[in-house]
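Asker: When the sequence shown is numbered by the UniProt record's numbering, its final residue is 137 and no position is left out of the sequence of numbers.
Glycine is no exception: its CB is placed at the ideal position from the N, C-alpha and C atoms.
Here it is: the structure, laid out below.
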Amino acid sequence: MSYITRTLGNIRRIGLKEYWHQLQYIGDTKAGTLVGVDKFGNKYYENNEELPLRTRWVDYKMHDFDPAQIEPMWHFWISYGTDTIPDKDPIKKIAEARSWATPHHVPNYTLTRGAYKPYNTVLPKIKAWEPVAAPRQ
């Protein structure tokens, strides 16, 4: 929840259109500087005048957003793991050479038919008893 003075100040800084957009998708109004855009089109913002641990946020490109849509290096930045923006981080150049990384977003399939289901390839140690009845005469 925000104070009315903070909200009015953010309306003045970001405009009514962006104010309405943020209320619909973030649930709060924030004004900050655009730090970067990832390959999925998500926009990352930062404002160090906000409350601690609320200074960084994402504006997802897709309205049906999923936190799995954030790239790993941007996720590390938005989780306050580093203060270096991933676009300027030398480690990102090494991370881009990963052959196993997916070039596109893989959605979270939890609670759907595509969810991961582990299976066991080891034979059970105990077998259930199955009664064998003698044939009737």
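If you drop the 5 nearest sequence neighbours on each side, which residues of the same chain put their C-beta closer than 6 Å to that of residue 56?
Answerer: The residues are 46, 78.
Asker: Would you call the CB atoms of residue 29 and residue 19 closer than 8 Å?
Answerer: In contact: residue 29 and residue 19 (Cβ atoms closer than 8 Å).
Asker: Among 12, 75, 67, 35, which has the Cα closest to the Cα of residue 26?
Answerer: Out of 12, 75, 67, 35, 67 has the C-alpha closest to the C-alpha of residue 26.
Asker: At which residues does the beta strand (DSSP E) containing residue 44 begin and terminate?
Answerer: Unbroken beta strand (DSSP E) run through residue 44: 43-46.
Asker: In chain order, what residues of the same chain lie with their CB nearer than 8 Å to the CB of residue 76, ignoring the 5 residues before and after it?
Answerer: Same-chain partners within the cutoff: 82, 86.
Asker: Are there 16 or more other CB atoms within 10 angstroms of the CB of residue 69, so buried, or fewer, so exposed?
Answerer: That one is buried.
Asker: Can you give the Cα-Cα distance for residue 16 and residue 40, rounded to whole angstroms?
Answerer: C-alpha separation (whole angstroms): 26 Å.
Asker: Please state if the CB of residue 60 and the CB of residue 48 are separated by a distance shorter than 8 Å.
Answerer: No, the pair does not count as a contact, with Cβ atoms beyond the cut-off.
Asker: So the alpha helix (DSSP H) residue 6 belongs to, where does it begin and stop?
Answerer: Unbroken alpha helix (DSSP H) run through residue 6: 4-14.
Asker: Quick check: the Cα distance between residue 119 and residue 127, rounded to an integer number of angstroms?
Answerer: Going from the Cα of residue 119 to the Cα of residue 127 covers about 18 Å.
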